[in-house]
Structure formats: C-alpha cells, structure tokens
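Engineer:
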Amino acid sequence: MSRDKDATVDIINAIEEIMLSMDGVSFTQLAANREKQAAILYFLIVIGEATKRLSKGFRASHPEIDWGGMAGMRDILTHQYDRVDIQVVWDVAQTDLPPLLESLRALLTKIP
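So for the sequence shown, my numbering puts the first residue at 8; every next one is plus one.
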C-alpha cells in the first residue's frame, strides 16, 4: 500500500472512531466525560499526524480537503493542550468530520 493510501486509511479509521465515541452523546455528556474527551482528542491528533505523512503532491492534488486545518488542529492539541476548547472539538466532530469522512472514502477508491 502506498504511503498516501496508508495515511488516508489512518485518517478514515480515526474519524470513524471519533464518530463511534460520539454516537448518542450530547455536548453536556461529552463535557462531563474526561475519558471520552481524551479518546476523541487522541484520534484528532492521529488525524493530524496522518495528514502530515501525506506527500505534498497528494495534498496539492486534492485542495478541496483542508489538510492544513487537520494538521493545525493536531498542533494545537499537542502543544497548546491547556487551551483546548471542548466546544470547538464538539463542533468539529459534529460538523466537519462527517462530510470529510465521505470525501476521504471517495478519494480512497482513486488512490493507486
């Protein structure tokens, strides 16, 4: 498997894990559950790390995907962990990840 395909699979798997963790969970429940927050933050970091493993050419070939945003989220979660806003994490998981997952699944079928 190519490095780009491998990293894309890792991103897809991490998004799926986040969505499983958030299934049926309200914002209030998430805000009160540090263990669930930690799991979601971990998988967001995985997404950013996998994004950074993608070749520059691959990322440039798919500008419709916010690769920089994913890598930037990882940097914030890793280096500014004391400033993480769980509302932002919730919003990303609820709003940004579902369409991203669909886009990446479609893209995966085109990666040699």
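Idealized CB from N, CA, C, for every residue including glycine. Note that the coordinates shown come from a computational prediction; the quantities given were computed from them, not determined experimentally.
Under a Cβ-count criterion, where at least 16 other Cβ atoms within 10 Å of its own Cβ denotes burial, should residue 10 be classed as buried or exposed?
Structural biologist: Position 3 of the sequence shown holds residue 10. So residue 10 ends up on the exposed side.
Engineer: Assign residue 69 to one of three DSSP states: helix, strand, or coil.
Structural biologist: Here residue 69 corresponds to residue number 62 of the sequence shown, with the count starting at 1. Note: residue 69 maps to coil in three-state DSSP.
Engineer: Would you call residue 27 buried or exposed, if buried means 16 or more other Cβ atoms sit within 10 Å of its Cβ?
Structural biologist: Numbered from 1 along the sequence shown, position 20 holds the residue referred to as residue 27. With fewer than 16 neighbouring CB atoms inside 10 Å of its own CB, residue 27 falls in the exposed class.
Engineer: Out of 47, 17, 71, 60, state which residue places its alpha-carbon closest to the alpha-carbon of residue 99.
Structural biologist: Residue mapping note: residue 99 aligns to position 92 of the sequence shown, counting from 1. Out of 47, 17, 71, 60, 47 has the C-alpha closest to the C-alpha of residue 99.
Engineer: Among 102, 72, 107, 94, which residue has its Cα nearest to the Cα of residue 36?
Structural biologist: Counting from 1 along the sequence shown, the entry for residue 36 is found at position 29. Nearest of 102, 72, 107, 94 to residue 36, Cα basis: 94.
Engineer: Could you compute how far the alpha carbon of residue 62 sits from the alpha carbon of residue 14?
Structural biologist: Translated into the one-based positions of the sequence shown, residue 62 becomes position 55. Translated into the one-based positions of the sequence shown, residue 14 becomes position 7. Answer to the nearest angstrom: the Cα atoms are 10 Å apart.
Engineer: Compute the Euclidean distance between the alpha carbons of residue 88 and residue 115, then round it to the nearest angstrom.
Structural biologist: The sequence position of residue 88 within the sequence shown is 81, counting from 1. The sequence position of residue 115 within the sequence shown is 108, counting from 1. In a straight line, the C-alpha of residue 88 is about 31 Å away from that of residue 115.
Engineer: Is residue 43 closer than 9 Å to residue 32 when the C-beta atoms are compared?
Structural biologist: The residue given as residue 32 occupies position 25 in the sequence shown. The residue given as residue 43 occupies position 36 in the sequence shown. Contact: yes.
Engineer: Should residue 200 and residue 74 be called a contact, given that it needs their Cβ atoms to be closer than 9 Å?
Structural biologist: No answer is possible for residue 200: the residues shown for the chain start at 8 and end at 119.
Engineer: Where do the N-terminal and C-terminal ends of the alpha helix (DSSP H) with residue 90 fall, by residue?
Structural biologist: Counted from its first residue, the sequence shown places residue 90 at position 83. From DSSP, residue 90 is part of no alpha helix (DSSP H); its letter is neither H nor E.
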